[in-house]
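Shown next, in structure tokens, is the structure this report addresses.
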Amino acid sequence: TIEKKIDGAVQGKDLNKVREELDAALQQFEVRMQKVEKEEKNINGNGLTEEVERVIDQRVHTVEDRVDNMRRVLVQRIEDEKGRREREEIEKRRMCLVIHRMEECSSEEDAARVDSLLRVGLAVDAGKHLVSVERIGKPRRQGSNDAQSPKGPRPIRIRLRSNEIRNEILKRAKTLRGQNDYDAVYITPDLTVEQQRKDKDLRDKLKTFREQFGKEGVKIQSGKVVRVGKNEDNTKEILYDPDSTEKKMVN
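Everything in the sequence shown is counted per my numbering, starting at 3 for the first residue and increasing by one.
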């Protein structure tokens, strides 16, 4: 079936490239259809019977319907594949964290410094909970002026043995501020590109609403920007929900 053929085309490919290939194929089809319509008009001028004209129109509409159906199926398959890949990527990063602004050293020194950060800065037994340490991205070439090269030290991704210790480290991470050895260092979840985009969108909206209503009570909660009321029941107003354009009140 066409659905199985499309699934085979989508699997393992760059989805944006698949969409571009589809658009190019459909444009070529539209050019062919325009030629057919032009030829039909020429034939009409030479006395095409109504019955033949009806058959041609019917076949043209049938082909157009099939193309429209192919487009809908492929777009849906692309969205499904995107969702599947995103879920897999989130699962891969579930027990990871990213450490920022830690001076770049050799791999051995990075591991030792992360060990010290966890043990001394956060009171976490690194030997018990730490699985791996790695820098993210390509190293900046010495003397390079490439604008795409990292300007500061590359972030460090650490993998932990459990989601529980990951969450505990995130809770304790704010205590690094004010510690002489780690004051510039901060720790974040290991987000996918799509999660980073959504996170930036939420923080931009948070900044806008805090400028409008003030900082008190305006915060990000459960993937939404909310404002906590000052009344006794602490009513929350959803100021921004990325999945909805409506504002609503919740208790």
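All C-beta atoms, glycine included, are put in the ideal place defined by N, C-alpha and C.
Among K130, D67, L120, R68, which one has its Cα closest to the Cα of Q181?
Numbered from its first residue, the sequence shown carries residue 181 at position 179. When only C-alpha atoms are compared, the closest one is L120.
If you draw a straight line from the C-alpha of S164 to the C-alpha of F211, how long is it?
What you label residue 164 is simply residue 162 of the sequence shown in a count that begins at 1. What you label residue 211 is simply residue 209 of the sequence shown in a count that begins at 1. So the alpha carbons of these two residues sit roughly 36 Å apart.
V115 burial status per 10 Å Cβ neighbour count (16 or more: buried)
Taking the sequence shown and counting its residues from 1, the one referred to as residue 115 is at position 113. This sequence places Arg at residue 115; Val is not what is there. That one is buried.
Contact check, G231 vs K221 under 8 Å by CB: the rounded distance?
The residue labelled residue 231 in the question sits at position 229 within the sequence shown. The residue labelled residue 221 in the question sits at position 219 within the sequence shown. In fact, because the Cβ distance is near 13 Å, the residues do not count as touching under 8 Å.
Considering only residues of the same chain and omitting the five flanking positions on each side of L124, which have a CB-CB separation below 8 Å?
For the purposes of this step, residue 124 is taken as the residue at position 122 of the sequence shown. So the list reads I171, R174, A175, T177, L178, once near-sequence residues are dropped.
Close beta carbons around V300, own chain, < 7 Å, minus the five adjacent residues each side
Residue 300 lies beyond the range of the chain shown here (3 to 253); nothing can be said about it.
Span of the beta strand (DSSP E) around V227:
If you number the sequence shown from 1, residue 227 lands on position 225. Unbroken beta strand (DSSP E) run through V227: 226 to 230.
Tell whether a beta-carbon distance below 8 Å holds between D203 and P141.
Looking up residue 203 in the sequence shown gives position 201. Looking up residue 141 in the sequence shown gives position 139. No, they are not a contact pair.
Segment limits, beta strand (DSSP E) that includes R121
The residue labelled residue 121 in the question sits at position 119 within the sequence shown. Where R121 is concerned, there is no enclosing beta strand (DSSP E), given that its DSSP letter is neither H nor E.
Any idea which residues DSSP pairs V135 with across the strands?
Translated into the one-based positions of the sequence shown, residue 135 becomes position 133. In the DSSP output, where bridge partners are listed per residue, V135 has I160.
Provide the residue(s) that pair with S246 in DSSP beta bridges, ordered along the chain.
Translated into positions along the sequence shown, residue 246 becomes position 244. D243, per the DSSP bridge assignment.
Of the residues P155, L208, E213, K207, the one placed nearest Y188, counting alpha carbons only:
As a first step, residue 188 is located in the sequence shown; it is residue number 186 there, counting from the start. Minimum Cα distance to Y188 is reached at P155.
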